[in-house]
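Structure, as structure tokens:
Numbering (this note's numbering), first residue to last: 76 to 302.
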């Protein structure tokens with residue numbers, strides 16, 4: 076079974092990627108890019124000083140994964156036979172649809188999502204419902220350090236870090252008691268994250284093996300839990 080090639084999920088994803096291109100085009104024209112070192116430094120400072128305010132400013136932007144990267148996430152979840160996935164930074168729910176589709180095609184499971192901006196969480200719920208995947212998804216609204224502190228159930232098979240960059244290491248260490256050996260961790264835009272995320276996951280003594288994934292300029296990092 077492949078939900079990405081045809082049917083409701085595929086149709087919804089095409090629609091959402093089209094909407095994201097329109098919504099996020101002004102950001103690109105204004106030079107809002109992780110490849111722009113000056114903008115990145117200012118953004119990270121804003122994130123540290125006012126986390127909620129910073130992301131409220133992007134409430135109408137998708138900031139979502141590309142179709143290529145979304146398909147990669149789907150394939151990772153399928154290959155790992157994931158049954159429980161945690162996503163930090165759900166935005167409008169595009170990446171959640173890729174992940175939930177993988178769970179459905181794996182025979183079922185649970186996707187726990189967390190999103191700081193309430194209006195985005197509501198739109199994500201609607202988009203996930205349109206894709207027919209609501210029964211697999213638990214969307215939590217608020218700071219991930221609180222929303223993921225409890226209620227995770229058993230072990231986690233896959234993690235997607237795609238929220239506030241400065242919180243990647245904190246969120247990962249919060250989830251560590253629930254990670255299996257072999258758990259897949261994907262971090263988007265991780266290269267310049269403060270808090271030493273890259274250094275942490277690339278240190279084998281911390282129980283991970285890790286390397287850059289796909290386009291190095293975007294800082295995507297693929298990590299596997301080893302203990």
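Just so it is clear, CB atoms sit at the ideal spot from N, CA and C, and this is done for glycine as well.
Per the Cβ contact rule, the region 188-195 is in contact with the region 214-228 (3 or more Cβ pairs under 8 Å). Cβ contact annotation for residue 203 (same chain, cutoff 8 Å, sequence separation greater than five): 168, 171, 172, 175, 209, 212 and 214, in chain order. The three-state reading of DSSP puts residue 232 in strand, counting E and B together.
Spanning the alpha carbons of residue 160 and residue 101 requires a straight line of approximately 32 Å. Residue 213: member of the beta strand (DSSP E) spanning 212-216, first to last residue. For residue 252, same chain residues with a beta-carbon under 8 Å away, outside a window of 5 residues either side, do not exist.
Of the candidates 80, 87, 77 and 302, 87 places its Cα closest to the Cα of residue 201. For residue 91, the closest C-alpha among the options 137, 119, 241 and 234 is that of 137.
Following the DSSP letters along the chain, one finds residue 286 inside the beta strand (DSSP E) bounded by residues 283-287. Per DSSP, reduced to three states, the secondary structure at residue 258 is strand.
In this structure, the CA atom of residue 301 is about 9 Å from the CA atom of residue 281. With contacts defined by Cβ atoms closer than 8 Å, residue 163 and residue 261 do not form a contacting pair. Bounds of any alpha helix (DSSP H) do not take in residue 185; it lies within the beta strand (DSSP E) bounded by 185-190. Here DSSP, grouped into helix, strand and coil, assigns residue 87 to helix. Straight across, the Cα-Cα distance linking residue 241 with residue 249 is about 14 Å.
Bridge pairing for residue 163: 189 and 236 [DSSP].
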